[in-house]
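Participant:
Residue numbers (the numbering used here), protein chains in the order written: chain A, 51 to 197; chain B, 51 to 197.
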């Protein structure tokens, strides 16, 4: 129940993004939300400004420590290699992601960076998968229609 | 000659870092330096604050565009998966790195993210390798001595 509550919230935030690939990441600790961030790559003209990176930075700032012990991440799309490595290095305990990314997913779909990581969080993919995949599909459909 | 000039400068900057794994990344375009950044992970309490990420962010800000066309990166250590993917996504043209990283290097040593990337920059490893490796070895030697 709790799990789906956070993922549902992430989907709501992702759906509100404009002109960005709709992805949202939430970091939670002991039931409290530390950060909710969406992809801001285009808005910030910064290729590192993925939802997961921004969420890790915000949570670290809030806790005033770089290692996010006992924290969980909920993210609507399987992380890319950049974000996956940041998550693994952050010490996050559990990662719940929605849609699988067969093209760039780095938590099992395209490659699996956990294999070479010192930290081994528990990773659960396919949480509310249909809704999460629909976000991405609808976004690219809209772009194709515009073109 | 130019190549070694930039790498030498990167080594100088990396050597000046304190309490951080000594890594420096320089981004250059048409002979002009856009960014010089060292690893600031500990100082900023931010696990994403690797030299390469900071250098990409600074260069993008300076050029006011996220894609670093016709730019080259010089970095003293082979990038980790997080940085390698950021570099690949940034559109950087040539990557020159110093020391190989058999543990986490993601441009050929441990894994090779170029294989799954759309962008395929030219990548040259082992530039001034001895000096670059010495930086890292000396740092960890110093830590062991302190302990």
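The beta carbon of each residue, even a glycine, is placed where N, CA and C say it ideally should be.
Leaving out five residues on either side along the sequence, give the residues of the same chain with a beta carbon under 6 Å from the beta carbon of residue 155 of chain B.
Facilitator: Answer for residue 155 of chain B: 128, listed in chain order.
Participant: Given that residue 171 of chain A touches chain B, what residues does it touch there, using C-beta distances under 9 Å?
Facilitator: Residues of chain B passing the Cβ test: none, with the nearest at roughly 14 Å.
Participant: Report the start-end ranges of each beta strand (DSSP E) in the region 125 to 165 of chain B that is 3 residues or longer and not cut off at the edges.
Facilitator: Qualifying beta strand (DSSP E) stretches, in chain order: 144 to 149.
Participant: So which residues on chain A does residue 136 of chain B lean against when the C-beta distance must stay under 8 Å?
Facilitator: Within chain A, the residues near residue 136 of chain B are 97, 98 and 132.
Participant: For residue 151 of chain A and residue 140 of chain B, I'd like the C-alpha separation in whole angstroms.
Facilitator: Straight-line Cα distance between these residues: approximately 20 Å.
Participant: Runs of 4 residues minimum, wholly inside the region 87 to 114 of chain A: which ones carry the alpha helix (DSSP H) assignment?
Facilitator: Listed in chain order, the complete alpha helix (DSSP H) runs (minimum 4 residues) inside the region 87 to 114 of chain A are 91 to 94 and 101 to 113.
Participant: Are residue 91 of chain A and residue 62 of chain A close, meaning C-beta to C-beta below 8 Å?
Facilitator: Not in contact: residue 91 of chain A and residue 62 of chain A (Cβ atoms no closer than 8 Å).
Participant: Can residue 142 of chain A and residue 122 of chain A be called in contact, C-beta distance under 8 Å?
Facilitator: It is a contact, given that the beta carbons lie within the stated cut-off.
Participant: So if DSSP puts residue 79 of chain A in a beta bridge, which residue, or which two residues, is it bridged to?
Facilitator: According to DSSP, which records beta bridges pairwise, residue 79 of chain A is partnered with A:82 and A:121.
Participant: So the candidates are B:197, B:169, B:149 and B:103; which of them puts its Cα closest to the Cα of residue 160 of chain B?
Facilitator: Checking every option, the nearest Cα to that of residue 160 of chain B belongs to B:149.
Participant: Provide the residue span of the alpha helix (DSSP H) that contains residue 188 of chain B, from first to last.
Facilitator: Where residue 188 of chain B is concerned, the enclosing alpha helix (DSSP H) stretches over 179 to 196.
Participant: Among B:132, B:56 and B:171, which residue has its Cα nearest to the Cα of residue 117 of chain B?
Facilitator: Nearest C-alpha to residue 117 of chain B: B:171.
Participant: Can you find the residues in the same chain that come closer than 7 Å, C-beta to C-beta, to residue 175 of chain A, ignoring five residues on each side of it along the sequence?
Facilitator: The answer, listed in chain order, is 128, 147, 150, 157 and 158.
Participant: Relative to the C-alpha of residue 131 of chain A, which candidate in A:192, A:196, A:83 and A:100 has its C-alpha closest?
Facilitator: Nearest of A:192, A:196, A:83 and A:100 to residue 131 of chain A, Cα basis: A:100.
Participant: Between residue 163 of chain A and chain B, is there a C-beta pair that is closer than 8 Å?
Facilitator: For residue 163 of chain A, the answer is yes, since a Cβ of chain B falls inside 8 Å of its Cβ.
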